[in-house]
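K.L.:
In our numbering, the protein residues as written are 1327 to 1535.
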Ligand code: FDM
Ligand code: MG
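1. If contact is defined by three or more beta carbon pairs under 8 Å, each pair taking one atom from either stretch, is the region 1366-1373 in contact with the region 1511-1527?
2. By a C-beta neighbour count over all protein chains shown, 10 Å radius and 16 as the cutoff for buried, is residue 1508 buried or exposed?
3. Which full runs of the alpha helix (DSSP H) of 4+ residues lie inside the region 1451-1503, going along the chain?
4. Look at residue 1451 and residue 1535 and say whether their C-beta atoms are less than 9 Å apart.
5. Please list, in chain order, all residues of the same chain as residue 1442 whose beta carbon is under 8 Å from its beta carbon, the five residues on each side excluded.
6. Looking only at its own chain, which residues have a Cβ that is under 6 Å from the Cβ of residue 1492, when we skip the five neighbours before and after it?
7. Using a Cβ-Cβ cut-off of 9 Å, state whether residue 1427 counts as contacting chain B.
8. For residue 1335, which of helix, strand or coil comes out of DSSP?
9. Could you check if residue 1340 is buried or exposed, using at least 16 other CB atoms within 10 Å of its CB as the buried criterion?
10. Answer yes or no: the CB of residue 1477 versus the heavy atoms of ligand 2, is any distance below 8 Å?
11. So residue 1458 packs on residue 1349, CB below 8 Å; how close in whole Å?
12. Suppose only complete runs of 3+ residues qualify. What are the beta strand (DSSP E) ranges in the region 1382-1466, listed by chain order?
13. With a Cβ-Cβ cutoff of 9 Å, do residue 1494 and residue 1330 count as a contact?
14. Mapping the DSSP letters down to three states, classify residue 1367 as helix, strand or coil.
15. Consult DSSP for residue 1373 and reduce its assignment to one of helix, strand or coil.
16. Whose CB is closer than 6 Å to a heavy atom of ligand 1? List the residues in chain order.
In structure tokens, the structure reads:
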């Protein structure tokens, strides 16, 4: 009986970090096995590749946009077997960003969609994508953007557009402007059946199927 792969996506300040944490705690409270150190975040900034990504995001280095895209993808591939192993052990894995962010940010900067998708082809596919939807107006009311790259309204609006393009009917779109508890309950309502369904579906699918 395998665990479920549950991916959270959304623009900056949509509450992904808070909700992945709350969601992981709720799963554990319900007696569901969760991978150690969940939620796992991408970019995973401490690996060798992640350190280069972090230097780029904090404006300490410059990278060619295609090279950067491949590094973000490589950063996921570094973790791919750990994800599969955890799922096979029966543990649910909660991810804060995944390949969808990879595509959304790169396409927002002008890279071709099909080229962007190729790098992540074959990664473990999520059982559900939880998309925290926050309008740019609501985002503007939250704490100010920091100093990292992409933390500006122009980029966030472009990224939101690509997310909309990527969205399928399998995504769980949640209004992230609601209060924290309401958002969590909405996610739990839909994710609990996903966890149950994964238990009876031994096969772990791959992107982009
Ligand atoms: N980001 C994140 C990308 O551009 N590509 C990716 O593949 C991933 C996973 O990195 F602006 C961007 C999104 C964000 C930045 O992410 C750092 P966090 O979640 O804010 O740490
Ligand atoms: Mg950020």
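Ideal Cβ positions, reconstructed from N, Cα and C, are used throughout, including at glycine.
P.N.:
Let me lay it out:
1. no
2. exposed
3. 1462-1467 and 1479-1492
4. yes
5. 1395, 1428, 1429, 1432 and 1433
6. 1426
7. Within the model displayed, chain B is absent; a lone protein chain is all it includes.
8. strand
9. buried
10. yes
11. Actually they do not touch by this definition, with Cβ atoms about 11 Å apart.
12. 1419-1422 and 1454-1459
13. no
14. Residue state, collapsed to three classes: strand.
15. Residue 1373 sits in coil when the DSSP states are folded into three classes, being neither helix nor strand.
16. 1338, 1368, 1369, 1383, 1398, 1423, 1427, 1428, 1431 and 1476
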